[in-house]
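These notes are about the structure you will find just below.
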Amino acid sequence: MGKRVLLFPVPYQGHINPMLEIAAILHSRGFSITIFHTSFNSIDSTRYPLYRFILVKDGEISNQLGSLDDDMVHRVIAWNNSCEQLFYDCLTSVLSEKNEESVACLIRDTHWYNLQYLANRLGVPTFVLRTGSAATLNWYLTFPQLVQKGYIPVQESQLNMPVIELAPLRMRDLPRFGNCNHEVIGDSLTHSMDAIRASSGIIVNTFDAIESTEVEKFQKAIPVPVFCIGPLHKFTPPSRSNLLDEDGSCLEWLDKQAVGSVLYVSFGSHACMKFEELIETAWGLADSGQPFIWVIRPGSILGKDEVELPDRFIEVISGHGKIISWAPQQEVLGHAAVGAFWTHNGWNSTLEAICEGVPMICRPQFADQMGNARYVTHVWKVGIELEGKLERGEIVKVIKRLMKEDEGVQIWQRMRALKHEASLSIKSDGSSSINIDKLVNVISSF
Ligand code: UDP
Numbered sequence: 010m011g012k013r014v015l016l017f018p019v020p021y022q023g024h025i026n027p028m029l030e031i032a033a034i035l036h037s038r039g040f041s042i043t044i045f046h047t048s049f050n051s052i053d054s055t056r057y058p059l060y061r062f063i064l065v066k067d068g069e070i071s072n073q074l075g076s077l078d079d080d081m082v083h084r085v086i087a088w089n090n091s092c093e094q095l096f097y098d099c100l101t102s103v104l105s106e107k108n109e110e111s112v113a114c115l116i117r118d119t120h121w122y123n124l125q126y127l128a129n130r131l132g133v134p135t136f137v138l139r140t141g142s143a144a145t146l147n148w149y150l151t152f153p154q155l156v157q158k159g160y161i162p163v164q165e166s167q168l169n170m171p172v173i174e175l176a177p178l179r180m181r182d183l184p185r186f187g188n189c190n191h192e193v194i195g196d197s198l199t200h201s202m203d204a205i206r207a208s209s210g211i212i213v214n215t216f217d218a219i220e221s222t223e224v225e226k227f228q229k230a231i232p233v234p235v236f237c238i239g240p241l242h243k244f245t246p247p248s249r250s251n252l253l254d255e256d257g258s259c260l261e262w263l264d265k266q267a268v269g270s271v272l273y274v275s276f277g278s279h280a281c282m283k284f285e286e287l288i289e290t291a292w293g294l295a296d297s298g299q300p301f302i303w304v305i306r307p308g309s310i311l312g313k314d315e316v317e318l319p320d321r322f323i324e325v326i327s328g329h330g331k332i333i334s335w336a337p338q339q340e341v342l343g344h345a346a347v348g349a350f351w352t353h354n355g356w357n358s359t360l361e362a363i364c365e366g367v368p369m370i371c372r373p374q375f376a377d378q379m380g381n382a383r384y385v386t387h388v389w390k391v392g393i394e395l396e397g398k399l400e401r402g403e404i405v406k407v408i409k410r411l412m413k414e415d416e417g418v419q420i421w422q423r424m425r426a427l428k429h430e431a432s433l434s435i436k437s438d439g440s441s442s443i444n445i446d447k448l449v450n451v452i453s454s455f
């Protein structure tokens with residue numbers, strides 16, 4: 010008799026992609042897949058004919074939360090509280106089906122913490138998927154204590170102070186979530202961590218060679234089984250779960266560029282910039298003389314519905330710059346013409362850059378991005394941070410440092426070594442492949 014795995018991603022791009030990658034891995038190991046998704050950012054199920062999709066009809070709740078769209082912490086809290094009955098109904102209805110296949114387990118995102126207790130009540134073994142790094146788990150564990158000790162909210166004068174408990178982070182690298190109150194953030198993180206304690210284990214999109222120390226530290230604090238099975242995207246074909254239409258024309262454009270010459274610029278699915286920053290970025294890229302692809306997502310310029318580029322900009326960059334609204338990012342990073350990635354350091358983007366050996370210019374904005382950038386620049390030393398006010402002259406300087414100067418050559422060499430480590434982890438005897446086997450065995454035993 011076959012077994013079914015239920016999956017429940019948080020409905021944002023950086024959370025949906027890794028969950029669908031797990032779906033692909035488990036499907037290839039013979040499990041049937043059922044995916045719960047919300048009306049908000051619902052997944053296009055027609056792209057996945059082999060899976061079953063169940064819509065959690067949270068439409069009314071999401072509409073009421075419309076004003077919280079930019080505030081992920083409040084949205085996650087509200088979803089957890091308001092959707093409990095909906096989750097319960099969906100789960101019980103699947104569990105009560107007379108089906109050839111029994112439900113083996115549920116895999117939920119870290120942020121669906123209330124779901125853990127529902128699943129426990131219904132007797133469904135549940136794993137947590139951490140779509141971010143293992144290090145973030147330690148930051149999230151420590152965050153409420155830092156609030157209690159009065160370190161958070163961080164004082165302007167202490168931004169560069171090291172956080173002893175979380176080396177190599179400085180105060181400025183601690184997780185930040187817009188204007189959300191730090192006590193609310195602390196409470197939400199405590200809920201998330203407590204729910205991990207109540208789970209059957211945690212799956213982390215990372216690999217031993219980059220984060221074994223962080224995993225050990227976390228496991229001491231929360232002794233549940235940990236399965237590091239990343240980089241997940243390297244076990245599956247490129248993602249088809251885009252919420253925006255991707256522009257594949259950039260790949261043909263890349264074919265015409267010299268090897269290692271192109272700077273790829275993209276800030277993921279949430280990060281936004283002010284109009285003044287758009288202008289500085291535009292002229293910084295143009296003045297650098299470096300070929301570039303720049304993803305400007307619709308709605309990513311604060312206060313503007315339409316993207317307004319400076320006069321003459323398109324004319325100036327014609328031939329060496331390409332602007333698109335969404336890229337097939339994994340393929341772009343894997344293209345031989347791409348030599349550097351200016352990123353916001355979302356964890357997926359960071360891992361994707363490591364896997365393709367592409368050095369980074371780091372410009373983090375919120376959540377775990379600052380901490381990820383700190384690891385990139387100070388632990389693995391495969392990127393340079395672009396700190397301070399965004400200004401065209403500084404942009405040109407940092408592009409030159411990374412793409413033209415000796416410093417960039419050394420960074421590139423370290424990045425090649427890291428790419429190699431990533432490739433070893435996914436070989437059949439690599440750490441992540443072994444951990445996938447262990448996970449599959451555990452799930453099969455339920
Ligand atoms: N992405 C993409 N095309 C783009 C920009 C981003 O396919 O033009 C994908 C990227 O490959 C990654 C995800 O969107 O898998 C973004 O996740 P990440 O954790 O980097 O950042 P977030 O969007 O969560 O801030």
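Okay, so the sequence shown: first residue is 10 according to my numbering, each after it adds one. Beta carbons: idealized from backbone N, C-alpha and C, even for Gly.
Proximity of H46 and I63 at Cβ, strictly below 9 Å: Translated into the one-based positions of the sequence shown, residue 46 becomes position 37. Translated into the one-based positions of the sequence shown, residue 63 becomes position 54. Contact: yes.
Own chain, CB closer than 8 Å to L59, minus 5 neighbours either side, in chain order: Taking the first residue of the sequence shown as 1, we reach residue 59 at position 50. Cβ neighbours of L59 beyond the five flanking positions: H36 and I42.
Of the residues K390, D377, A376 and C364, the one placed nearest I370, counting alpha carbons only: To locate residue 370, count along the sequence shown from 1; it is residue 361. When only C-alpha atoms are compared, the closest one is K390.
Backbone secondary structure at V112 - three-state DSSP: In the sequence shown, counting from the first residue as 1, residue 112 sits at position 103. Three-state DSSP puts V112 in a strand.
G239 vs L294 beta-carbon contact at 9 Å: Locating residue 239 in the sequence shown gives position 230, where the first residue counts as 1. Locating residue 294 in the sequence shown gives position 285, where the first residue counts as 1. Cβ distance not < 9 Å, so G239 and L294 don't count as in contact.
Same chain, Cβ closer than 8 Å to R4, five either side skipped, listed in chain order: Not covered by the structure: residue 4. The range shown for the chain is 10 to 455.
CB-CB length for V133 against R13, believed under 8 Å: Within the sequence shown, residue 133 is the residue found at index 124, counting from 1. Within the sequence shown, residue 13 is the residue found at index 4, counting from 1. At roughly 11 Å, the Cβ-Cβ gap does not stay under 8 Å, so V133 and R13 are not in contact.
Nearest-angstrom Cβ-Cβ length linking I52 and I116, presumed shorter than 8 Å: Here residue 52 is taken as the residue at index 43 of the sequence shown, counted from 1. Here residue 116 is taken as the residue at index 107 of the sequence shown, counted from 1. Contact flag wrong, Cβ pair sits at about 15 Å.
Beta strand (DSSP E) segment containing W303, residue limits: Within the sequence shown, residue 303 is the residue found at index 294, counting from 1. Note, W303: beta strand (DSSP E), F301 to V304.
Nearest neighbour of N354, chosen from L15, L395, D264 and S327 [CA to CA]: Taking the sequence shown and counting its residues from 1, one reaches residue 354 at position 345. Among L15, L395, D264 and S327, the Cα nearest to that of N354 is on L395.
S142 beta carbon less than 9 Å from that of Y384: Taking the first residue of the sequence shown as 1, we reach residue 384 at position 375. Taking the first residue of the sequence shown as 1, we reach residue 142 at position 133. The answer is yes: Cβ separation under 9 Å.
Status (buried if at least 16 other CB within 10 Å, exposed otherwise) for V268: Numbered from 1 along the sequence shown, position 259 holds the residue referred to as residue 268. Using a 10 angstroms sphere on the CB of V268, the tally of other CB atoms stays under 16, which defines it as exposed.
Candidates S91, K447 and V19, of which the one nearest P234 by Cα: As a first step, residue 234 must be located in the sequence shown, where it is residue number 225. The shortest C-alpha separation from P234 is found at K447.
Whole-angstrom distance between E106 and L342, CA atom to CA atom: The sequence position of residue 342 within the sequence shown is 333, counting from 1. The sequence position of residue 106 within the sequence shown is 97, counting from 1. The alpha-carbon atoms of L342 and E106 are separated by roughly 43 Å.
CB of L100 within 9 Å of CB of L131, strictly: The residue you call residue 100 lines up with position 91 of the sequence shown. The residue you call residue 131 lines up with position 122 of the sequence shown. Yes, these two residues count as a Cβ contact at 9 Å.
Beta-carbon gap between W262 and V304 smaller than 9 Å: Here residue 262 is taken as the residue at index 253 of the sequence shown, counted from 1. Here residue 304 is taken as the residue at index 295 of the sequence shown, counted from 1. No, Cβ-Cβ distance for W262 and V304 is not below 9 Å.
C-beta contact flag for F227 and E30 at 9 Å: Here residue 227 corresponds to residue number 218 of the sequence shown, with the count starting at 1. Here residue 30 corresponds to residue number 21 of the sequence shown, with the count starting at 1. In this structure, E30 does not lie closer than 9 Å to F227 by Cβ.
First and last residue of the uninterrupted alpha helix (DSSP H) at E93: Within the sequence shown, residue 93 is the residue found at index 84, counting from 1. That run of the alpha helix (DSSP H) goes E93 to S105.
Beta-carbon gap between Y122 and N169 smaller than 9 Å: The count along the sequence shown starts at 1 and reaches residue 122 at position 113. The count along the sequence shown starts at 1 and reaches residue 169 at position 160. Result no, Cβ atoms of Y122 and N169 do not sit closer than 9 Å.
Cβ neighbour criterion (16 or more within 10 Å) applied to S453: By 1-based counting over the sequence shown, the position of residue 453 is 444. Classification of S453: exposed, given that the 10 Å Cβ count is below 16.
Test item: CB-CB of I86 and F152 under 9 Å: Walking along the sequence shown from the start, residue 86 turns up at place 77. Walking along the sequence shown from the start, residue 152 turns up at place 143. No.
Residue(s) in a DSSP beta bridge with H46: On the sequence shown, residue 46 is found 37 positions in, with the first residue counted as 1. DSSP, once it has assigned bridges, lists L64 as partnering H46.
Limits of the alpha helix (DSSP H) - the one that T145 falls within: The count along the sequence shown starts at 1 and reaches residue 145 at position 136. Following the DSSP letters along the chain, one finds T145 inside the alpha helix (DSSP H) bounded by residues A143 to Q157.
9 Å Cβ cutoff met for M28 and T135: As a position in the sequence shown, residue 28 is number 19, starting the count at 1. As a position in the sequence shown, residue 135 is number 126, starting the count at 1. Going by C-beta atoms, M28 is not nearer than 9 Å to T135.
E517 - partner residues in DSSP beta bridges: No answer is possible for residue 517: the residues shown for the chain start at 10 and end at 455.
Heavy atom of ligand 1 within 8 Å of V359 beta-carbon: Locating residue 359 in the sequence shown gives position 350, where the first residue counts as 1. Note that residue 359 is Thr in the sequence shown, not Val. Yes - ligand 1 has a heavy atom lying nearer than 8 Å to the Cβ of T359.
Span separating the alpha-carbon of L360 from that of L150: In the sequence shown, residue 360 corresponds to position 351, counting from 1. In the sequence shown, residue 150 corresponds to position 141, counting from 1. C-alpha separation (whole angstroms): 22 Å.
P246 Cβ short of 8 Å to ligand 1 heavy atom set: For the purposes of this step, residue 246 is identified with residue 237 of the sequence shown, where counting begins at 1. No.
Where G392 falls, given that 16 or more other Cβ within 10 Å makes a residue buried: For this step, residue 392 is matched to residue 383 along the sequence shown. Buried, by the Cβ-count rule.
DSSP three-state assignment for M7, whether helix, strand or coil: Coverage of the chain is limited to positions 10 through 455, which leaves residue 7 absent and any answer about it impossible.
Given K158 as reference, the closest of T145, A144 and I173 once Cα atoms are compared: For the purposes of this step, residue 158 is taken as residue 149 along the sequence shown, with counting starting at 1. The candidate whose alpha carbon is nearest that of K158 is I173.
Backbone CA spacing between R38 and W356 [nearest angstrom]: Position 29 of the sequence shown, counted from the first residue, corresponds to residue 38. Position 347 of the sequence shown, counted from the first residue, corresponds to residue 356. So the two alpha carbons sit approximately 26 Å from each other.
Buried versus exposed, by CB contacts within 10 Å (16 or more), N188: Reading the sequence shown from its first residue, position 179 is the one you call residue 188. Exposed: under 16 other Cβ atoms inside 10 Å.
Span separating the alpha-carbon of H200 from that of Q419: To locate residue 200, count along the sequence shown from 1; it is residue 191. To locate residue 419, count along the sequence shown from 1; it is residue 410. About 42 Å.
Nearest residue (CA-CA) to P373, options H387, W351 and I363: In the sequence shown, counting from the first residue as 1, residue 373 sits at position 364. Answer by Cα proximity: W351.
Proximity to H120 [Cα-Cα], best of R84, V388 and L104: As a first step, residue 120 must be located in the sequence shown, where it is residue number 111. Ranking R84, V388 and L104 by Cα distance to H120 puts R84 first.
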